[in-house]
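Below: the structure, in structure tokens.
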Amino acid sequence: MKVSMALEVLVLFPVLVWPCAENIEVVINCSIDWVMVFVSAHSKNRTCPYIFADELVLGQGCPATQIHTNQYDFVYPVHDCGIRTKVISKDTLCFETELYFMPRRTRCDPQTILLQCSASRKSPWFTPESTDEDPKVGSNFFMVDFEAMPKELGLLNVHQSASSNRS
256 MKVSMALEVL VLFPVLVWPC AENIEVVINC SIDWVMVFVS AHSKNRTCPY IFADELVLGQ
316 GCPATQIHTN QYDFVYPVHD CGIRTKVISK DTLCFETELY FMPRRTRCDP QTILLQCSAS
376 RKSPWFTPES TDEDPKVGSN FFMVDFEAMP KELGLLNVHQ SASSNRS
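This note's numbering numbers the first residue of the sequence shown as 256 and each following residue consecutively.
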């Protein structure tokens, strides 16, 4: 009985010492140019249920760029706010920064949340659609004399003018 009571105290002790630890919900996304951090304004902690925008700082003193009712957005270029860049491979970059929580209330302890995000240099937006090395499409007998005849163009013009007269 004494052993189980001691274990309960040891398990409960860290919870009481760190009342705000790991209660902030953070989502990080990145590209090769931008780091985007989204922080929920609601904490899972009962003593600090709401997080104010001025209690959060990204990296070296960067405030939230957008403040919503339930979320704070931090959207910055990868060269701002002391964001560090590591080259993982020739196609992958890793971005590292911190989110600092400095609460107004003395019941909550300040926190530093380490953030990491990786981005690929091989983006479908930057990949060319075709190159000179791509195989060429051979000539097709359906495409040989594909040309609009004046007669066909005239019919189209008559139809267009007829439809425009009716309007």
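Backbone N, C-alpha and C fix where the C-beta goes; we use that ideal spot for every residue, glycine too.
Only a predicted model underlies this, so the values are computations on that prediction, with no experimental measurement involved.
Which one of the options has the shortest CA to CA distance from residue i?
i: His425; options: Gln321, Phe356, Leu313, Ile322; result: Residue numbering for the chain in the displayed model covers 256 to 422; residue 425 lies beyond these limits and cannot be assessed.
i: Thr340; options: Ser295, Tyr355, Trp289; result: Trp289
i: Leu311; options: Arg301, Met357, Ser295, Thr302; result: Met357
i: Ala374; options: Leu354, Pro304, Asn284; result: Asn284
i: Leu354; options: Ala308, Thr302, Lys299; result: Ala308
i: Asp352; options: Gln321, His323, Cys317; result: Checking the sequence, you will find Thr at residue 352 rather than Asp. Residue Cys317 is the option with its Cα nearest to Thr352.
i: Arg301; options: Asn278, Gln321, Val294; result: Asn278
i: Ile338; options: Lys299, Leu369, Asn325; result: Leu369
Hey, could you find the ends of the beta strand (DSSP E) residue i is sitting in?
i: Asp328; result: 326–332
i: Ile283; result: 281–285
i: Ser298; result: Unbroken run through Ser298: none, as it is neither H nor E.
i: Cys349; result: 347–356
i: Thr367; result: 366–375
Give the DSSP-derived three-state secondary structure of residue i in the structure shown.
i: Ala308; result: helix
i: Cys336; result: coil
i: Lys341; result: strand
i: Gln315; result: coil
i: Trp289; result: strand
Report, in whole angstroms, the separation of the C-beta atoms of residue i and residue j, which I expect to be a contact under 8 Å.
i: Ala319; j: Tyr327; result: 4 Å
i: Ile287; j: Arg376; result: 6 Å
i: Gln371; j: Cys349; result: 6 Å
i: Phe329; j: Val282; result: The pair is not a contact, with the Cβ atoms about 11 Å apart (cut-off 8 Å).
For the segment 335–350 against the segment 358–367, do three or more pairs of beta-carbon atoms, one drawn from each stretch, fall closer than 8 Å, so that the two count as touching?
No, the segment 335–350 does not touch the segment 358–367.
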